[in-house]
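Residue numbers (the working numbering), protein chains in the order written: chain A, 1 to 387; chain R, 388 to 675.
For every residue, glycine included, the Cβ atom is placed at its ideal position computed from N, Cα and C.
Okay, so here's the structure we're looking at.
The following block contains the structure:
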């Protein structure tokens, strides 16, 4: 072969191979071919999903949201970018019994939660801090401290599992009042065939949401993906789901935790007590109660609107024991600035105020401190406030 | 009779044609590591991790936090100094070392007339390129290995032998920790080889080694700038430095999270194939 031809052939094949490989990287893995699965009714799917026991598995969960909050006028837009592109991924390991490990990944840090039959540990690598709880205290502690718990694997009480068929029937009946529930085909989620359970609002419901989809694994009947779809977009407003899911025994050591040397170890009991010390003062509690009693729910189903009154007399700054305040620093934005940036001014039968719209719903705040929020168009909020 | 003589002659030439590849590679590697500039760059790379370690110790645990999150754990994990050094050095210094090697390998020898000897010697062009690739690979491996060695040593001195702690809060044995550093060295070497392959491809087209270094580093900087813009996210999987920063912390998780590392390795392999095929095409068509 002539050197020139040889060189040309080498250059062309090599470049084609390399560019082909790079293009392959851009294509998301697992192109969606809807798998063929036996037909199943919505009620049957809900029943089997309620009955399912999670097997031992390892998986990766990714959360994506596209709430589409408006860009604040006058800002540099970075705030809106961080709202719109919030992204989080976590790895989950489960031993099929009590053991769970959840690792929430940051660029170069990790928040780890390990739970087994006896204890629950959390470890924050950015702070190098480990926190321990007895598993018995976990439920109580989660209520009090608002700690993230192993939500994906709810611990089910035997009582509520008494008759899954009945529970499924009740759930389906309840939802059928305002929604159409269907098993709308199948999908591949994390390379696994899954049924798509779809909740669609009835035509009478005035909502900005189009449907809510839950992908249920065909084999294990675990929910693999949760998606909220809005009107006028094929991209979900919010999605939380597995991108990797492998059923199989997991190494025992993943469900045990020994804090590394030099780590700061927090006694959870003490932490809870500290939180109790920081409880709101009596006036604040009273204000909160008034705020709570002013809350009202207008409508039901998909067009539920929550209305209420912003408590005016709550002190804007809550003093810390060390005298510092955790509310707005000198140069931070005040609530009024935020409203000006994110909101749009409107007037109507309800009075005058600001409205903030997003892909998932809207919020209306009037000048005299009333507000209304819901997954609905603005008109519905106006009506709710005008009542 | 004549037929036999005809048979023997090519055989003799053929034997003379094939100098053993190992000897050529050894000569090339010896030649590279005798260059003062190679040694200076390697020495600078080697002292980088200890400098980071010392500055962390001097700064104290409180002030180290904030900017570089991987170094927050530096006071507690022996892994964060070698891996964090890779994260920082990958942005410019390590690619500089291989770009220099790639530039010297062909353009540099051309500029001082040394390549002429290679081209008239009974060595096929393909073998010549193979020798040069081995030379660049040797520089990449030694550079990555040196950073890992001094980094791990610094980390172990600061944190003790039982200080190999992951981001997930588990403590690793020495062998496991060494394995992870080995994986990091292999991965970084592959990425650097991709840079080197591009440098070699440019190197075959010019006789100005500075031009090769400038183009390679310029391309890297442009890639890194492009990867900042979200609006160009469709382009990002094509950029070689994509994931260079994010991949290293994956080795500090327990269990190791391999998807980013695998993706980066595949991307680097694609660049190696493209770079080397273009370099080959140019070098076989080149006139003596």
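Any beta carbon of chain R sitting closer than 8 Å to that of residue i?
i: residue 423 of chain A; result: There is no way to answer for residue 423 of chain A, as the model of chain A reaches only from 1 to 387.
i: residue 6 of chain A; result: yes
i: residue 15 of chain A; result: yes
i: residue 22 of chain A; result: yes
i: residue 91 of chain A; result: yes
i: residue 304 of chain A; result: no
i: residue 11 of chain A; result: yes
i: residue 19 of chain A; result: yes
i: residue 177 of chain A; result: no
i: residue 41 of chain A; result: no
i: residue 125 of chain A; result: yes
i: residue 249 of chain A; result: no
i: residue 3 of chain A; result: yes
i: residue 25 of chain A; result: yes
i: residue 218 of chain A; result: no
i: residue 130 of chain A; result: yes
If we cut at 8 Å on Cβ distances, does residue i have a partner in chain A?
i: residue 511 of chain R; result: no
i: residue 419 of chain R; result: no
i: residue 664 of chain R; result: yes
i: residue 549 of chain R; result: yes
i: residue 589 of chain R; result: no
i: residue 527 of chain R; result: no
i: residue 610 of chain R; result: no
i: residue 672 of chain R; result: yes
i: residue 636 of chain R; result: yes
i: residue 669 of chain R; result: yes
i: residue 514 of chain R; result: no
i: residue 614 of chain R; result: no
i: residue 407 of chain R; result: no
i: residue 431 of chain R; result: no
i: residue 644 of chain R; result: yes
i: residue 554 of chain R; result: yes
Based on DSSP bridge pairs, tell me the residues matched to residue i.
i: residue 200 of chain A; result: A:180
i: residue 290 of chain A; result: DSSP output for residue 290 of chain A lists no bridge partner at all.
i: residue 65 of chain A; result: A:238
i: residue 358 of chain A; result: A:361
i: residue 223 of chain A; result: A:216
i: residue 394 of chain A; result: The displayed coordinates of chain A run from 1 to 387. Any statement about residue 394 of chain A would go beyond what the structure contains.
i: residue 169 of chain A; result: In DSSP, residue 169 of chain A forms no bridge with anything.
i: residue 347 of chain A; result: A:352
i: residue 132 of chain A; result: A:121 and A:267
i: residue 562 of chain R; result: Its beta-bridge partners do not exist; DSSP assigns none.
i: residue 544 of chain R; result: None; residue 544 of chain R has no bridge partner.
By Cβ distance, which residues of its chain are closer than 6 Å to residue i, with the 5 residues on each side in sequence left out?
i: residue 225 of chain A; result: 189, 215 and 241
i: residue 295 of chain A; result: 308
i: residue 366 of chain A; result: 351 and 353
i: residue 531 of chain R; result: 572, 575 and 576
i: residue 104 of chain A; result: 90 and 111
Near residue i, what residues of its chain come up, given a Cβ to Cβ distance below 7 Å and the 5 sequence neighbours on each side ignored?
i: residue 490 of chain R; result: 586, 590, 596, 599 and 600
i: residue 254 of chain A; result: 93 and 101
i: residue 659 of chain R; result: 580, 581 and 584
Under 8 Å Cβ to Cβ from residue i, same chain only, skipping five residues before and after it: list those, please.
i: residue 610 of chain R; result: 626, 627, 628 and 629
i: residue 416 of chain R; result: 521, 522 and 525
i: residue 223 of chain A; result: 49, 214, 215, 216 and 217
i: residue 42 of chain A; result: 172, 181, 182, 183 and 197
i: residue 229 of chain A; result: 209, 210, 211, 212, 213, 236 and 237
Answer yes or no: the CB of residue i versus the heavy atoms of the ligand SAM, is any distance below 7 Å?
i: residue 630 of chain R; result: As presented, the structure is devoid of all ligands, the ligand SAM included, so that no description of it is given.
TODO: Tell me, please, whether the stretch 468 to 477 of chain R touches the stretch 560 to 575 of chain R by the rule of three or more beta-carbon pairs shorter than 8 Å.
DONE: yes
Task: Three CB pairs or more closer than 8 Å across the stretch 559 to 570 of chain R and the stretch 615 to 622 of chain R - done: no
Task: Segment contact, 8 Å Cβ cut-off, at least three pairs: the stretch 535 to 549 of chain R with the stretch 578 to 594 of chain R - done: no
Task: Chain-ordered residues of the stretch 191 to 212 of chain A with a beta carbon less than 7 Å from chain R - done: none
Open item on the list: Is it the case that the stretch 498 to 510 of chain R contacts the stretch 608 to 615 of chain R, given that we only count it when at least three CB pairs across the two stretches are under 8 Å?
Closed with: no
Open item on the list: Output needed in chain order: residues of the stretch 256 to 268 of chain A with a Cβ under 8 Å from some Cβ in chain R.
Closed with: 257, 258, 259, 260, 261, 262 and 263
Open item on the list: Any C-beta of chain A within less than 9 Å: which residues of the stretch 493 to 512 of chain R qualify?
Closed with: 512
Open item on the list: Along the stretch 556 to 570 of chain R, where does the CB come closer than 9 Å to a CB of chain A? Name the residues.
Closed with: 556, 557 and 558
Task: Contact the stretch 121 to 129 of chain A vs the stretch 255 to 268 of chain A: 3+ CB pairs below 8 Å - done: yes
Task: Within 9 Å of chain R by C-beta, residues of the stretch 97 to 113 of chain A in sequence order - done: 101, 103, 105, 106, 107, 108, 109, 110 and 112
TODO: Take every Cβ of the stretch 228 to 235 of chain A, pair it with every Cβ of the stretch 90 to 104 of chain A, and state whether three or more of those distances are shorter than 8 Å.
DONE: no
Open item on the list: Does the structure place the stretch 577 to 584 of chain R close enough to the stretch 479 to 488 of chain R that three or more beta carbon pairs sit under 8 Å?
Closed with: yes
Task: Inter-stretch contact at 8 Å, needing at least 3 Cβ pairs: the stretch 656 to 664 of chain R / the stretch 1 to 15 of chain A - done: yes
Task: Contact list for the stretch 466 to 492 of chain R against chain A, Cβ threshold 7 Å - done: none
Task: Contacting positions in the stretch 648 to 661 of chain R - beta carbon closer than 9 Å to chain A - done: 650, 653, 654, 656, 657, 658, 659, 660 and 661
- [ ] Say whether the stretch 374 to 385 of chain A touches the stretch 297 to 305 of chain A, bearing in mind that this needs 3 or more beta-carbon pairs closer than 8 Å, one atom from each stretch.
- [x] yes
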